[in-house]
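*Asks:* Got a structure here, written out as C-alpha cells. Questions coming.
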Amino acid sequence: MTETPGASGAPSVRLTAGDAEVTILPAAGCRIASLRVGGLELLRQGDHYGCFPMVPWCGRTAQGRFRNGGVTHQLPINAAPHAIHGTGRDVAWDRLPSLEENEAVFSYELAEPWPYPGRVVQSFELTPDSLRLTMGVETADDSFPAQAGWHPWFRRNLGGEDVAVDFSPVWQEERGADHLPTGDRIEPRPGPWDDCFGMPDGVDVALTWPEQLRLRVTSPTPWVVVYDEQPEAVCVEPQSGPPNGLNTCPRLVTKIDPLEITASFTWERLG
Numbered sequence: 424m425t426e427t428p429g430a431s432g433a434p435s436v437r438l439t440a441g442d443a444e445v446t447i448l449p450a451a452g453c454r455i456a457s458l459r460v461g462g463l464e465l466l467r468q469g470d471h472y473g474c475f476p477m478v479p480w481c482g483r484t485a486q487g488r489f490r491n492g493g494v495t496h497q498l499p500i501n502a503a504p505h506a507i508h509g510t511g512r513d514v515a516w517d518r519l520p521s522l523e524e525n526e527a528v529f530s531y532e533l534a535e536p537w538p539y540p541g542r543v544v545q546s547f548e549l550t551p552d553s554l555r556l557t558m559g560v561e562t563a564d565d566s567f568p569a570q571a572g573w574h575p576w577f578r579r580n581l582g583g584e585d586v587a588v589d590f591s592p593v594w595q596e597e598r599g600a601d602h603l604p605t606g607d608r609i610e611p612r613p614g615p616w617d618d619c620f621g622m623p624d625g626v627d628v629a630l631t632w633p634e635q636l637r638l639r640v641t642s643p644t645p646w647v648v649v650y651d652e653q654p655e656a657v658c659v660e661p662q663s664g665p666p667n668g669l670n671t672c673p674r675l676v677t678k679i680d681p682l683e684i685t686a687s688f689t690w691e692r693l694g
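Letter 198 of the sequence shown, counting from 1, is numbered 621 in this note's numbering, and no numbers are missing.
Below, the structure is given as C-alpha cells:
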C-alpha cells in the first residue's frame, strides 16, 4: 500500500496485488478513482465517476424528506426534486490503521446535513483477481434509518466490443415518472435501465467485455440498481435497500445492530 498525490493534488492511496491496482481518494468522498487490471482501466474517469460510496442513503429520497418515528427530516435537494446518493461522497474520510498490506480502511463522522451523529467505516481489500468492499454505519446515540452501497461507473467499452450485462433478477421495482419505485414489483424488463431489481439470493451481475475481461459484481444484499442510459458507462450498484428506502423500507441502525454491507468485484481475463 502506498500513499501518493492524486491528479488533483490530494493524497491518494494505492493498493496493488498481482497485475491489479486500485487507487482511492479519501479527500474526495473516499471514492475509487481507478481500478486497473493488467494496465486496463475499468472505471470511467472524472471527478464525479470512478466508484463512490452511497451512504447514509442510496439513490433518491423523495422530496429529500424522511421520517424517524414522529419526526420528519429535510435533506438538501441535490437532484431536484429529490435528495440523491447520501453525503459520504461529498466529504473527506480519515484513514484508519489496517493489518494487511493489500487492505485500506477509512471512516468519517456523520454530521449535518444528516440529522443523527454516527460513524461510517469503509474498507477495501485487493487480491490479484478481486476487490472486496465493506461498509458499516454506526450510531453514536439515537437509532435512525440508513442505507449503504456503492455506485461504480464501469466503462462501456475497453477498446473492443461494448460490455454485455447478464443477470437474472426475480423482480423489477416499477419506476414512476418521478424516478422512484411505485411500490409495485413487475417482471424484469429489457433495458436501457435506471432501475432497481430484486435478487433475494444475493446480487450477482456479470459484465463481459468480449475477448477481454469478465467481471462479476456480487453481494449478499438483495437489492441492485442498474443504470446504462449513458453511452460512456454502465453502473451496477449493490445497495442495502431500494431507492427511497428511508421511507419505504427503513432499516434502523442501533447501538447493538449497526448496518453492514459487503460487495465484491471479481474478474477473469478472456484474451
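Positions of the beta carbon are idealized from the N, C-alpha and C atoms, including for glycine.
These numbers come from a predicted model, not from an experiment.
I'd like the ranges of any alpha helix (DSSP H) spanning at least 4 consecutive residues and lying wholly in the region 581–668.
*Replies:* Counting only runs of 4 or more, we get nothing.
*Asks:* When the distance is taken between beta carbons, is Trp576 closer than 8 Å to Tyr472?
*Replies:* Yes, they are a contact pair.
*Asks:* Does Ala404 pass the burial test, meaning 16 or more other C-beta atoms within 10 Å, or should it be called exposed?
*Replies:* This structure gives no information on residue 404, because the portion of the chain shown stretches from 424 to 694.
*Asks:* Quick one: is Glu660 buried, meaning 16 or more other Cβ sit within 10 Å of its Cβ, or exposed?
*Replies:* Buried: at least 16 other Cβ atoms inside 10 Å.
*Asks:* Enumerate in chain order the residues of its own chain whose CB-to-CB distance from Cys474 is below 8 Å, with the five nearest sequence positions on each side excluded.
*Replies:* Hits under 8 Å: Arg454, Ile455, Leu458, Leu466, Trp573, His574, Pro575, Trp576.
*Asks:* Can you list, in chain order, the residues of its chain whose CB lies under 6 Å from that of Ser431, leaving out five sequence neighbours each side?
*Replies:* The pLDDT assigned to Ser431 is 45, lower than 50, so where the model puts this residue is not dependable; a value taken from the coordinates is nonetheless given after this. No residues qualify anywhere along the chain.
*Asks:* How long is the line joining the alpha carbons of Cys672 and Pro551, rounded to whole angstroms?
*Replies:* Those two C-alpha atoms are separated by around 37 Å.
*Asks:* What's the C-alpha gap between Val626 and Arg437?
*Replies:* Rounded to whole angstroms, Val626 to Arg437 spans 27 Å at the Cα level.
*Asks:* Is it the case that the Cβ atoms of Val560 and Val647 are separated by a distance below 8 Å?
*Replies:* No.
*Asks:* Taking DSSP as the reference, what is the three-state secondary structure of Pro434?
*Replies:* Pro434 falls in the strand class under three-state DSSP.
*Asks:* Cα-Cα, which of Ala600, Gly599, Ile679, Trp690 is closest to Thr738?
*Replies:* Residue 738 lies beyond the range of the chain shown here (424 to 694); nothing can be said about it.
*Asks:* Rounded to whole angstroms, what is the Cα-Cα separation between Gln635 and Gly461?
*Replies:* Rounded to the nearest angstrom, the two C-alpha atoms are 11 Å apart.
*Asks:* Out of Val514, Val544, Leu549, state which residue places its alpha-carbon closest to the alpha-carbon of Asp442.
*Replies:* Here the closest residue by C-alpha is Leu549.
*Asks:* So Asn667 and Leu603 are in contact, right, with Cβ under 8 Å, and what is the actual spacing, rounded?
*Replies:* Sure, about 5 Å apart at Cβ, within 8 Å.
*Asks:* Should the region 593–600 be called in touch with the region 611–620, which here means at least 3 C-beta pairs below 8 Å?
*Replies:* Flag = yes, the region 593–600 and the region 611–620 touch.
*Asks:* Using alpha carbons as the reference points, say which of Gly599, Ser530, Val494 lies closest to Ser521.
*Replies:* The residue with the shortest Cα to Cα distance from Ser521 is Ser530.
*Asks:* How about Trp537 and Thr510: do their beta carbons lie closer than 8 Å?
*Replies:* Yes, the pair counts as a contact, with Cβ atoms nearer than the cut-off.
*Asks:* Just reading off the beta strand (DSSP E) that Ala456 is part of, what are its end residues?
*Replies:* It spans 454–460 - the beta strand (DSSP E) in which Ala456 sits, taken as one unbroken run.
*Asks:* In terms of residues, what are the limits of the beta strand (DSSP E) holding Val399?
*Replies:* Lying outside 424 to 694, the shown extent of the chain, residue 399 is not represented and no answer is given.
*Asks:* Taking Ser687 as the reference, give the member of Thr644, Arg674, Pro665, Glu652 with the closest Cα.
*Replies:* Of Thr644, Arg674, Pro665, Glu652, the residue nearest in Cα terms is Thr644.
*Asks:* Spatial neighbours of Pro633 within its chain, please: C-beta separation below 8 Å, excluding the five flanking residues on both sides.
*Replies:* For Pro633, where only same-chain residues beyond five positions count, the Cβ hits under 8 Å are Gly583, Glu584, Ala587, Leu693.
*Asks:* Which residues in the same chain as Val657 place their Cβ atom closer than 7 Å to its Cβ, once the five residues preceding and following it in sequence are excluded?
*Replies:* Here the set comprises Phe577, Arg579, Val586, Val588, Leu630, Asp651.
*Asks:* Per DSSP, Gly441 forms a beta bridge with which residues?
*Replies:* In the DSSP output, where bridge partners are listed per residue, Gly441 has none listed.
*Asks:* Between Ala440 and the rest of its own chain, which residues show a CB-CB distance below 6 Å, the 5 nearest in sequence each way excluded?
*Replies:* Closer than 6 Å at the Cβ level, and outside the excluded window around Ala440, lie Asn525, Leu549, Thr550, Pro551.
*Asks:* Would the beta-carbon of Gly452 fall within 8 Å of that of Pro434?
*Replies:* In this structure, Pro434 does not lie closer than 8 Å to Gly452 by Cβ.
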